[in-house]
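Report on the following structure.
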Amino acid sequence: MDDIRGPDRASSISTGVRVWPSKRYAKMHRDSIEDPEAFWDQQARKLEWQKTWDHVLEWKEPYGRWFVGGKLNACHQCVDRHVHTWRRSKVAIYWEGENGETRVLSYSTLFREVNHFAHMLLSLGVTKGDRVALYLPMIPELPVAMLACARIGAVHTVIFSGFSAQAICGRIGDTRAKVIVTSDGGLRRGKIVPLKDIVDQALPACPSVENVIVVRRTGQAIHMREGRDHWLSKDMTGAHVFVEPVAVESSHPLYVLYTSGTTGKPKGIVHGTGGYMVFNYVAYQWVFDIREESVYWCTADVGWVTGHSQIVYAPLSHGAAVVLYEGAPDYPAVDRWWDIIEKYGVSIFYTSPTAIRMFMRHGEKWPARHDMSSLNLLGSVGEPINPEAWYWYFRHIGGERCPIVDTWWQTETGGIMISPTPGIDPLALKPGSATFPLPGVDVAVVDARGNELEAGETGYLIIRKPWPGMLLDVYEDPARYREAYWSRFPGSYYTGDFAMRDEDGYFWLLGRADEVLKVAGHRLGTAEIEDAAIAHPAVAEAGVTGRPDELKGETIVLFVTLKEGIPPSDALKKEIADLLRETIGPVAAPGEMYFVDSIPKTRSGKIMRRVLKAVASGKDIGDLTTLEDEASVEEVRNALARLG
Ligand code: WT7
1 MDDIRGPDRA SSISTGVRVW PSKRYAKMHR DSIEDPEAFW DQQARKLEWQ KTWDHVLEWK
61 EPYGRWFVGG KLNACHQCVD RHVHTWRRSK VAIYWEGENG ETRVLSYSTL FREVNHFAHM
121 LLSLGVTKGD RVALYLPMIP ELPVAMLACA RIGAVHTVIF SGFSAQAICG RIGDTRAKVI
181 VTSDGGLRRG KIVPLKDIVD QALPACPSVE NVIVVRRTGQ AIHMREGRDH WLSKDMTGAH
241 VFVEPVAVES SHPLYVLYTS GTTGKPKGIV HGTGGYMVFN YVAYQWVFDI REESVYWCTA
301 DVGWVTGHSQ IVYAPLSHGA AVVLYEGAPD YPAVDRWWDI IEKYGVSIFY TSPTAIRMFM
361 RHGEKWPARH DMSSLNLLGS VGEPINPEAW YWYFRHIGGE RCPIVDTWWQ TETGGIMISP
421 TPGIDPLALK PGSATFPLPG VDVAVVDARG NELEAGETGY LIIRKPWPGM LLDVYEDPAR
481 YREAYWSRFP GSYYTGDFAM RDEDGYFWLL GRADEVLKVA GHRLGTAEIE DAAIAHPAVA
541 EAGVTGRPDE LKGETIVLFV TLKEGIPPSD ALKKEIADLL RETIGPVAAP GEMYFVDSIP
601 KTRSGKIMRR VLKAVASGKD IGDLTTLEDE ASVEEVRNAL ARLG
């Protein structure tokens with residue numbers, strides 16, 4: 001937390017009123033774009049560096065290296081820095097287990113646990129640069145393990161605990177992690193998810209893993225293999241261990257996190273240390289206007305980038321008090337979240353449009369049962385928020401008092417890029433618009449040729465200048481990094497999103513423009529789903545598209561052709577759906593599945609996705625006559641006829 005203190009929140013709400021961005025923001029943004037190096041040099045001084053940088057930015061397109069020559073440690077920023085002040089007794093994490101168990105970790109407890117964990121990693125031979133896989137439920141040991149890795153310069157790769165053994169294999173195969181950290185189980189709607197068993201299934205195919213660290217959570221009997229599997233000891237004789245944080249180079253990788261792209265295999269997005277930490281530190285102040293007394297709760301799972309940046313690195317680097325909740329949003333009752341807000345006096349609450357829409361369905365009587373007057377700021381992330389959900393959130397959760405920060409960003413951007421900034425000054429909000437880019441962020445809406453569009457026109461969102469939170473690379477795949485982000489619009493980063501800038505300069509993010517779906521805010525590649533479906537022995541070909549959905553934003557529609565002589569059946573549909581669930585995860589279960597005679601393809605063998613989309617959403621062929629080089633209108637007609 002630094003000296004910037006935002007204005008009174010009440011004055012920053014003004015919905016539906018057209019106002020240009022305020023003076024303070026406008027000046028900051030202008031200065032940051034005119035002289036980015038001077039701007040970021042100033043911002044970076046807010047962290048504690050073991051060695052100051054020689055250059056703010058080294059840009060060798062498409063690689064940006066920030067604060068070159070500087071050395072720092074991310075764990076030091078999030079933990080040690082606070083235990084050297086009065087914050088040692090401040091709450092770092094309020095943990096709420098699904099079953100009502102609770103734990104409160106002060107910054108000094110966090111310090112002790114992180115050191116203990118780091119010591120255990122060292123004793124298993126983990127050193128700087130080694131990869132460590134984390135497959136844990138939402139328990140304090142997950143942030144503790146991340147910070148312990150950062151402390152010794154190891155690179156964590158968190159695997160969402162809803163993922164299957166196969167997903168674990170893919171990620172560990174790619175990073176060749178030496179150690180995996182898991183727990184006996186996790187709780188989800190009162191049932192035990194047997195995480196250690198799932199790891200045991202995955203490990204025969206993961207030869208790089210030498211050791212497994214197991215955290216006790218659910219307490220059931222599990223298999224522990226002698227010599228390989230080790231309990232994380234709660235034996236606090238380790239209480240006095242101190243592991244010196246390793247000062248790493250600014251561009252030393254902090255973590256690898258997998259996310260879906262337009263081709264089959266998820267990409268390992270690599271984030272560095274210095275740029276990532278600086279960007280998240282300042283963005284958190286600007287967007288969430290964090291104050292010493294704030295109680296902050298982000299409902300994301302730590303397994304996604306939102307959890308990495310907005311539960312762990314940004315809030316803890318500010319010494320904020322963070323709520324961490326283990327379980328399902330509506331368990332044991334629909335008001336579980338509102339109960340948590342009341343219980344901990346949450347002041348800043350950050351969630352997804354899908355969650356809001358789900359609660360909307362259940363009705364306002366649930367939040368109305370709780371005193372949520374502690375709230376003063378709300379946030380939204382992951383997908384566009386429709387005005388109806390925005391207003392419901394504003395009224396029934398925020399009591400018409402709290403501004404909503406609609407934050408646009410991506411796994412790749414590392415931190416929030418477009419959002420209102422109540423921590424800088426008040427700004428009129430427009431429901432459904434993420435408003436303006438943060439200082440230091442240079443975005444534009446362009447046509448297919450890269451020409452900037454006029455106000456009101458829809459096009460592609462690009463980022464024209466490097467920013468400190470930008471990904472370092474795609475893990476061990478520089479060709480894919482170039483191809484996915486830097487080839488479409490030379491010199492600029494392509495986001496894959498449609499956007500529009502209105503006459504007041506506000507940005508509206510309009511969904512994916514590429515072959516990526518957003519289902520309940522989760523990112524899924526169409527090719528990834530197709531590959532998984534084709535693995536079923538009865539499936540010859542598969543084609544996937546998305547269909548707009550009131551609750552989830554988008555649902556998966558899967559078209560399948562079966563191998564010769566195999567009759568379609570409901571049993572087969574179920575098998576294919578189960579396979580997708582298993583290979584990719586529960587979010588990959590299709591909303592609809594159709595058996596068809598053939599999947600429409602172009603002469604070059606590319607699936608004609610627009611045809612699938614048109615069929616799935618009941619649009620007529622009129623929308624398809626601009627298929628460009630994909631196929632002739634005649635081919636499209638034939639394909640449609642075959643799809644029936
Ligand atoms: C994609 C990135 C980074 C947070 C979690 C998602 C969509 C994200 C918004 C928003 C409209 C949004 C975009 C983006 N998206 N936030 N506020 N308004 N769309 O990270 O899984 O990497 O997905 O989510 O389509 O490209 P992700």
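The sequence shown begins at 1 in the UniProt record's numbering and counts up one residue at a time. Think of the CB as a built atom: it goes at the ideal place given N, C-alpha and C, for glycine as much as any other residue.
- Relative to the ligand WT7, the nearest heavy atom lies less than 7 Å away from the CB of Glu383.
- Gly414 is positioned such that its CB atom lies no closer than 8 Å to that of Met358.
- Beta-bridge annotation (DSSP): Pro548 is paired with Glu554.
- For secondary structure counted as the alpha helix (DSSP H) over 4 or more consecutive residues, the region 442-512 holds these complete runs in sequence order: 478-481.
- Here Thr435 is bridged, per DSSP, to Phe507.
- A contact between stretches requires three or more CB pairs, one per stretch, nearer than 8 Å, and the region 165-180 meets this requirement with the region 199-216.
- Residue range Glu592 to Phe595 is occupied by the beta strand (DSSP E) that includes Met593.
- The beta carbons of Thr411 and Ser380 sit no closer together than 8 Å.
- The distance from the Cβ of Thr262 to that of Val516 is about 6 Å, consistent with a contact at the 8 Å cut-off.
- Inclusion of Asp406 in the 7 Å shell around the ligand WT7 follows from its C-beta lying nearer than that to a non-hydrogen atom of the ligand.
- When DSSP assignments are scanned along the region 111-170, the uninterrupted stretches of beta strand (DSSP E) that are 3 or more residues long and fall wholly within it turn out to be 131-135 and 155-158.
- Comparing C-alpha distances from Lys267 to each of Ala513, Ile385, Tyr258 and Thr273 shows the shortest one belongs to Tyr258.
- Unbroken alpha helix (DSSP H) runs of no fewer than 4 residues, entirely contained in the region 329-410, are found at 336-344, 353-362, 365-368 and 387-392, following chain order.
- Phe242 carries a coil assignment under DSSP once its states are collapsed to helix, strand and coil.
- A contact between stretches requires three or more CB pairs, one per stretch, nearer than 8 Å, and the region 392-403 fails this requirement with the region 438-456.
- In the DSSP secondary-structure assignment, Ser106 is bridged to Val91.
- Leu524 sits in a strand when the DSSP states are folded into three classes.
- In the assembly as shown, His522 is a buried residue. Its beta-carbon has 16 or more other beta-carbons within 10 Å.
- By the CB criterion at 8 Å, Leu509 and Pro332 fall outside the cutoff.
- Taking a cut-off of 8 Å on C-beta distances, the region 420-437 does not touch the region 470-490, as fewer than three cross pairs fall below it.
- In terms of side-chain proximity, the C-beta atom of Leu524 is found no nearer than 7 Å to any non-hydrogen atom of the ligand WT7.
- Within the same chain, Cβ atoms closer than 7 Å to the Cβ of Gln220 are found at Asp184, Gly185 and Ile192, the five residues on either side in sequence being excluded.
- Within the same chain, Cβ atoms closer than 6 Å to the Cβ of Arg488 are found at Tyr494, the five residues on either side in sequence being excluded.
- When Cβ pairs closer than 8 Å are counted between the two stretches, the region 155-162 is seen to touch the region 137-146, the count reaching three or more.
- Looking at the DSSP output, Asn211 bridges to Val179.
- Distances from the alpha-carbon of Asp54 to those of Met224, Tyr63, Glu61 and Ala38 put Ala38 closest.
- Per DSSP, the unbroken alpha helix (DSSP H) holding Thr583 starts and ends at Asp570 to Thr583.
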